[in-house]
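Input: a single structure, listed below in structure tokens.
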Amino acid sequence: MSIREDALDAPGCYVLALIVSKNLEVRTRSSFFQIPKGVYFYVGSARGAGGVKARVFRHILRQGRRHWHIDHLLGAEEVYVSGFYAIPSQKEWDCEVEIARALSTALKPIPGFGCTDKVKDVSHLFECNHSLEECLAIVYELLREKVREPSWFQNI
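In terms of numbering that gives the first Met the number 0, the sequence shown opens at residue 0 and continues consecutively.
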């Protein structure tokens, strides 16, 4: 897996690797989700100032008001961010849609989670029923083959 620091500062998409240590019920403003204990991957985009790094750090540090579905999930102390894949992209390329479709070929989508602004997407949160290490390898290969080479970051 390549590590490119420029992927952090650039706009683009990211895939958070999450460990949920117990079954959770997540309420958002308009939805309710049951999230079983396990390994998950969340697809997001970062187009604003600071690029992927600013958005991912906002999630990891759990700063700001709860705006997105992922903020509600990360509000639970039973959720740990193991790391993330970063994929730089230009604004005209909808990397979120492409990544979500790639992940849905091998992982179980949590219907309606994180994709209210992408009506054709089933989900932006995906469950992986393997060990974290196996799941990371699966997601890396899906991204590399179907989207583009991602950069992996952890312990940041």
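We put the CB at the ideal spot given by N, CA and C, even for glycine.
- Boundaries of the alpha helix (DSSP H) around residue 136: 131 to 145.
- With 16 or more neighbouring CB atoms inside 10 Å of its own CB, residue 120 falls in the buried class.
- The beta carbons of residue 138 and residue 40 sit closer together than 8 Å.
- For residue 55, the uninterrupted alpha helix (DSSP H) segment begins and ends at 50 to 60.
- If you look at residue 95, you'll find it in the alpha helix (DSSP H) that goes 94 to 102.
- Distances from the CA of residue 9 to each of 93, 88, 100 and 140 were compared; the closest alpha carbon is that of 88.
- Residue 13 is positioned such that its CB atom lies no closer than 8 Å to that of residue 38.
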